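Asker: My structure is below; once you've seen it, I'll send some questions.
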Amino acid sequence: MKLCLRCGGARWVCEAHPDRPWGSGPNACDCGAPGDPCPICNRADVDTFPDLPPGFEIEEARDLEADPILTTETERDDD
Ligand SMILES: [Zn+2]
Ligand SMILES: [Zn+2]
């Protein structure tokens with residue numbers, strides 16, 4: 019597997035210098051700015067969450083008795 023050229027496989031880039039890796043790697047930017055998910059290999063879009071820092075919690079709302087939890091699109095074209 020080839021390492022990402024943007025972040026060197028760190029999966030995060032410096033927010034102030036988006037062309038530099040962020041984290042603890044040898045080439046990581048140490049300017050002190052926060053990190054951003056690498057736009058090349060760690061993109062956050064609708065169904066792809068970025069790798070989250072440890073300790074990050076996602077609150078899950080579960081209410082099985084009140085309403086069905088199945089809200090995903092289940093409609094399919096009858097092809
Ligand atoms: Zn930086
Ligand atoms: Zn990357």
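Sequential numbering of the sequence shown, starting at 19, is according to this note's numbering.
Heads up, the beta-carbon is just placed ideally off N, CA and C, and yes, glycines get one too.
Since the model is a prediction, treat every value here as computed from it, not as a measurement.
(1) Rounded to whole angstroms, what's the CA-CA distance from alanine 46 to isoleucine 58? Just pull it up for me.
(2) Using DSSP's beta-bridge definition, name the partner residues of proline 39.
(3) Assuming tryptophan 30 contacts glycine 53 (C-beta within less than 8 Å), just tell me the rounded distance between them.
(4) Alpha carbon to alpha carbon, how far is glycine 43 from arginine 61?
(5) DSSP three-state call for aspartate 98: helix, strand or coil?
(6) Tell me the rounded alpha-carbon separation between lysine 20 and glycine 27.
(7) Distance check for aspartate 97 and cysteine 25, CA to CA, integer angstroms please.
(8) Starting from proline 57, follow the beta strand (DSSP E) in both directions and report where the run begins and ends.
Answerer: Quick answer:
(1) Sequence index remark: in the sequence shown, residue 46 carries index 28 (1-based). Sequence index remark: in the sequence shown, residue 58 carries index 40 (1-based). Rounded to the nearest angstrom, the gap between the Cα atoms of alanine 46 and isoleucine 58 is 16 Å.
(2) Counting from one through the sequence shown, the residue named residue 39 turns up at place 21. DSSP lists Val31 as partners of proline 39.
(3) By 1-based counting over the sequence shown, the position of residue 30 is 12. By 1-based counting over the sequence shown, the position of residue 53 is 35. That belief holds up - the Cβ atoms of tryptophan 30 and glycine 53 are roughly 4 Å apart, short of 8 Å.
(4) By one-based count along the sequence shown, residue 43 stands at place 25. By one-based count along the sequence shown, residue 61 stands at place 43. A straight-line Cα-Cα distance of about 20 Å links glycine 43 and arginine 61.
(5) Residue 98 lies beyond the residue range present for the chain, which begins at 19 and ends at 97; the question has no answer from this structure.
(6) The residue you call residue 20 lines up with position 2 of the sequence shown. The residue you call residue 27 lines up with position 9 of the sequence shown. In a straight line, the C-alpha of lysine 20 is about 8 Å away from that of glycine 27.
(7) Residue numbering aside, residue 25 sits at position 7 when the sequence shown is read from its first letter. Residue numbering aside, residue 97 sits at position 79 when the sequence shown is read from its first letter. Approximately 43 Å between the Cα atoms of the pair.
(8) To locate residue 57, count along the sequence shown from 1; it is residue 39. Element bounds for proline 57: n/a, residue is neither H nor E.
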